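>
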Amino acid sequence: MATQQTQVLGRALLTPAVALLFIWMIVPLAMTIYFSTLHYNLLDPETEGFVGLENYRYFLTDPAFLTSLRNTLVLVGSVLAITILLGTPLALLLDQAVVGRSIVRLMVIAPFFVMPTVSALVWKNLLMHPVSGLFAWISTLLGVTPIDWFTDAPLLAVILIVAWQWLPFATLILLTALQSQDEEQKEAAEMDGASPLSTFVYLTLPHLARPITVVILIETIFLLTVFAEIFVTTGGGPGLQTTNIAFLIYSQALIQFDVGNASAGGLVAVVIANIVAFFLVRIIGRNLEA
Amino acid sequence: MARKVTSRRVWVSTIAAWFFGFLIFLPILWMFLTSFKTELDAFSLPPKFLFFHWTTENYATVQDRSDYLHHALNSIMVAGGSTLIAMLIAVPAAWSMAFAPTKRTKDVLLWMLSTKMMPPVGVLVPIYLIYRDFGMLDTRAGLVFILCLGNLPIVIWMLFTYFKEIPKDILEAARMDGATIGRELVYVLTPMAIPGLASTLLLNFILAWNEAFWTLNLSTLDAAPLTVFIASYSSPEGLFWAKLSAASTLAIAPIIILGWFSQRQLVRGLTFGAVK
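So the sequences go chain by chain: A and B.
The working numbering numbers the first residue of the first sequence as 65 and each following residue consecutively.
The working numbering numbers the first residue of the second sequence as 1398 and each following residue consecutively.
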C-alpha cells in the first residue's frame, strides 16, 4: 500500500515527463493542422492565406499521392512478408542444438545495428552495382545477365535493403518467443507419436501467433516512414518509382517548400499510422494487465 | 534433457545455421574487407576476397579529407546527450509509475507509447520551421532535444518494466526498519536497478546513434553526426568505395559491439514488454 507521501511524490516525479511528451505531441501536431489549412509556400510568403481543405483536396487527388501510397503499401507488405517468412524458419533453426550458436546469433543480429545510411550505400554500391557489384559478379558466374537494380527494379532494391535491416529484428523476437515455449509439452507430444510437422503446426505455431503479430505491428510503424534508405539511394526516383508517403511529404516540404500541402500530407500519414497504432496499443495494453 | 538429439541432426542444423548466418553477415564482412583495399581493387572484376594488397590508407584519408572525427564527436555528443537527458527525465517518471501506481498509470503508459507511434514526417514541417526561426538548424543542441523527445517513451517503458520486477517486499522491509524514501532510494533501489539502467542506456544510445530521419533533415555540416556524414557519399561523384567502406566501418563498429551486448534488452525495449 503506497502511503500518501509516496503518492504526492509520485505525481511530482511523473509530471516533467508527461508535460514534455504532451507538449511534444500537441504543439507540432496543432501547427501541422493549422498549416494544412493555409496556402503557404516558403518561396512565395506573400501569398499566404486561409484555404480551408483545399490542400487536402490537392494532396489526395494528386496522382503522386496514389503512386506513393501504393509504393508505401508494397514496401511495407513485402518487407513484412520477407522478414516473417524467412525469420520464422531462421528462428526455428537457431533454436536447435547448433555448434557455435552464439556466434551465429551475433552474425544474424548484426545488420540491425548498422545505421540506415550505411546499409543503403553499401548495398547500392558494393553489392548492387550493375558492373562491379558482388551480385553482378555472382550473376555472371551463373550465366545470368546482371540486373541493373536501381534502373530496372528500384523499388525491389529498396525492399531488399530494408528487409535485410529488419530480418534480424523479426528473427530475434521469434527466437526469444521460441525459447520461452514449454519444452515438456513438446516432449509429451513427441512421446505420443506426433510428427515434427504436427508439433510445429499445433504447438509451435499457435505459440508464435502473438509474437508474430507484435513483429508485424512494430515493423509496420517503422516501415511506414522509411526515409533514409530512399534518401541516399534513389531520391524517390526514377520518376516516382520509389517515392513513399514519407518521402513525398519530405520533398514537398523541404524541396518545393510547399508548407501547406506538406502539412496536409503529414496529417494523412499520422492518420494511417494511428490505424496501425490502435491495434498495437491494444495488444500491449492487454499484456500489461496479465 | 530427456529429448534425444542425434549428432547427425546437430551437424545438419549447424551447417545450415552457419550458412544462413554467414549469408546475412556477408554485406558487413564485404564492406569490412573493401575498406582495406585500394580504390582500384575495390572495383576489380572478379572481386578480390582476401588476396589483395591490404592497406589502411583509406582510414587515414577519410580523416584527412573530411574530418571524420568531427562527425564522430557529433554522434557521440548527440546520442550520448539525448540518452542521458532522457534518462534524467525518465527515471523519476518510471520510478513513480512502478512504485506508486495509481488507477491511471496504465493509461499514462499507453499514452506515452502512442506518442512514439506518431510518424516523424507528420511533424516535419512545424519542427523544421521552429528550428529555422530559433536558429536551431544544424546545432547539436537541436538534435539532442529532438532525439531525446523521440526516445523518451521507449526509455520510460524499458525502465518501467525493469523497476516493476524489483520485489516490493524488500521496500516494505526497508520501510519497516524506518528507512526514509531517500535512504530507500540510495541503499535499496539503486543497487537493484543498475542492470536495468545500464541496458536502457545502452539500447537508447544505439537507437539515437543510428537515427536517420531528424539528423538528415535538421543538420548539414556543423552538427552533422555520422549518419549524415555517410549520406554525403551518395553523390555520384563520390563513388569511392574503399573510402565509403572505411568510413562506414568506423561508424558502425563501435555500435555493433555495443549492440551484441544488448541483444536481450533489444527484444524487451522494442516490443514494450509484449514479448519476453
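Built from N, CA and C at the ideal position, the CB exists for glycine as well.
Note that this is a predicted model, so its numbers are computed, not measured.
Given that a residue counts as buried once 16 or more other Cβ atoms are within 10 Å of its Cβ, and exposed if not, what is A/V186?
As a working note, residue 186 of chain A is residue 122 in the first sequence. Around the CB of A/V186, 16 or more other CB atoms lie within 10 Å, so the residue is classed as buried.
> Report the residues of the segment 1449 to 1481 of chain B with a CB closer than 8 Å to any CB of chain A, ordered along the chain.
none
> Closer than 6 Å by C-beta to B/W1554: which residues in its own chain qualify, once you throw out the five before and the five after it? Chain order, please.
By 1-based counting over the second sequence, the position of residue 1554 of chain B is 157. Contacts found: F1669.
> If you measure from the beta carbon of B/A1570 to each beta carbon in chain A, is any gap under 9 Å?
By one-based count along the second sequence, residue 1570 of chain B stands at place 173. No, because no Cβ of chain A sits closer than 9 Å to the Cβ of B/A1570.
> Rounded to whole angstroms, what's the CA-CA distance from A/I280 to A/D322? Just pull it up for me.
Locating residue 280 of chain A in the first sequence gives position 216, counting from the first residue. Locating residue 322 of chain A in the first sequence gives position 258, counting from the first residue. Distance between the alpha carbons of A/I280 and A/D322: 33 Å.
> Could you check which residue in A/Y104, A/F286 and A/R165 has the C-alpha nearest to that of B/T1411?
Locating residue 1411 of chain B in the second sequence gives position 14, where the first residue counts as 1. For B/T1411, the nearest C-alpha among the options comes from A/R165.
> Following the continuous alpha helix (DSSP H) through A/Y266, name the residue where it begins and the one where it ends.
Counted from its first residue, the first sequence places residue 266 of chain A at position 202. Note, A/Y266: premise wrong, no alpha helix (DSSP H); not H, not E.
> Skipping 5 residues on each side, what residues in its chain have a beta carbon closer than 7 Å to that of B/T1458?
Within the second sequence, numbered from 1, the residue matching residue 1458 of chain B stands at position 61. For B/T1458, where only same-chain residues beyond five positions count, the Cβ hits under 7 Å are K1640.
> Based on the DSSP secondary-structure assignment, which residues constitute the bridge partners of A/G113?
Locating residue 113 of chain A in the first sequence gives position 49, where the first residue counts as 1. A/G113 is bridged to A/H103.
> Sort B/Y1630, B/A1650, B/D1574 and B/G1477 by Cα distance to B/A1538 and report the nearest one.
In the second sequence, counting from the first residue as 1, residue 1538 of chain B sits at position 141. When B/Y1630, B/A1650, B/D1574 and B/G1477 are compared, the shortest CA-CA separation from B/A1538 is found for B/G1477.
> Report yes if the CB atom of A/F233 is closer than 9 Å to the CB atom of B/L1667, and no otherwise.
Position 169 of the first sequence, counted from the first residue, corresponds to residue 233 of chain A. Position 270 of the second sequence, counted from the first residue, corresponds to residue 1667 of chain B. Yes; because the gap between Cβ atoms is below 9 Å, this pair is in contact.
> Within the 9 Å Cβ cut-off, does B/Q1662 reach chain A?
One-based indexing of the second sequence puts residue 1662 of chain B at position 265. Chain A, which has no Cβ nearer than 9 Å to the Cβ of B/Q1662, makes this no.
> Examine chain B for any beta-carbon lying closer than 9 Å to the beta-carbon of A/L78, and answer yes or no.
Counted from its first residue, the first sequence places residue 78 of chain A at position 14. At a cut-off of 9 Å between beta carbons, A/L78 contacts chain B.
> Anything in chain A within Cβ reach of B/V1585, meaning under 8 Å, just list it in chain order.
Walking along the second sequence from the start, residue 1585 of chain B turns up at place 188. None at all; the shortest Cβ gap to chain A is about 14 Å.
> Hey, is the segment 185 to 203 of chain A in contact with the segment 215 to 229 of chain A, meaning 3+ C-beta pairs nearer than 8 Å?
The segment 185 to 203 of chain A and the segment 215 to 229 of chain A touch, with no fewer than 3 CB-CB distances between them shorter than 8 Å.
> Measuring only the C-alpha atoms, how far is A/N135 from A/F123?
What you label residue 135 of chain A is simply residue 71 of the first sequence in a count that begins at 1. What you label residue 123 of chain A is simply residue 59 of the first sequence in a count that begins at 1. Each residue's alpha carbon lies about 16 Å from the other.
> For B/T1431, count neighbouring C-beta atoms within 10 Å of its own C-beta (all shown protein chains included) and say buried if the count is 16 or more, exposed if not.
Within the second sequence, the letter at position 34 stands for residue 1431 of chain B. Result: buried.
> Taking a cut of 7 Å between CB atoms, which residues from the segment 307 to 335 of chain A lie near chain B?
A310, I313, Y314, A317, L318, V323, A326, S327, G330, L331, A333 and V334
> Which residues mark the beginning and the end of the alpha helix (DSSP H) in which B/F1542 is found?
What you label residue 1542 of chain B is simply residue 145 of the second sequence in a count that begins at 1. Unbroken alpha helix (DSSP H) run through B/F1542: R1537 to K1561.
> Going by beta carbon distance, what residues of the same chain come within less than 6 Å of B/F1362, once the five residues before and after it are set aside?
One cannot answer for residue 1362 of chain B here, as it falls past the ends of chain B, which runs 1398 to 1673.
> Taking buried to mean at least 16 other C-beta atoms within 10 Å of its own C-beta, is A/V195 buried or exposed?
Here residue 195 of chain A refers to the residue found at position 131 when the first sequence is read from its first residue. A/V195 comes out exposed.
> Is the shortest distance between the beta-carbon of B/E1562 and the beta-carbons of chain A less than 9 Å?
Walking along the second sequence from the start, residue 1562 of chain B turns up at place 165. Chain A contact via Cβ: absent.
> If the criterion is Cβ atoms closer than 9 Å, does the pair B/A1487 and B/L1586 meet it?
Residue mapping note: residue 1487 of chain B aligns to position 90 of the second sequence, counting from 1. Residue mapping note: residue 1586 of chain B aligns to position 189 of the second sequence, counting from 1. It is not a contact, given that the beta carbons lie outside the stated cut-off.
> Mapping the DSSP letters down to three states, classify B/D1461 as helix, strand or coil.
Taking the second sequence and counting its residues from 1, the one referred to as residue 1461 of chain B is at position 64. Helix at B/D1461.
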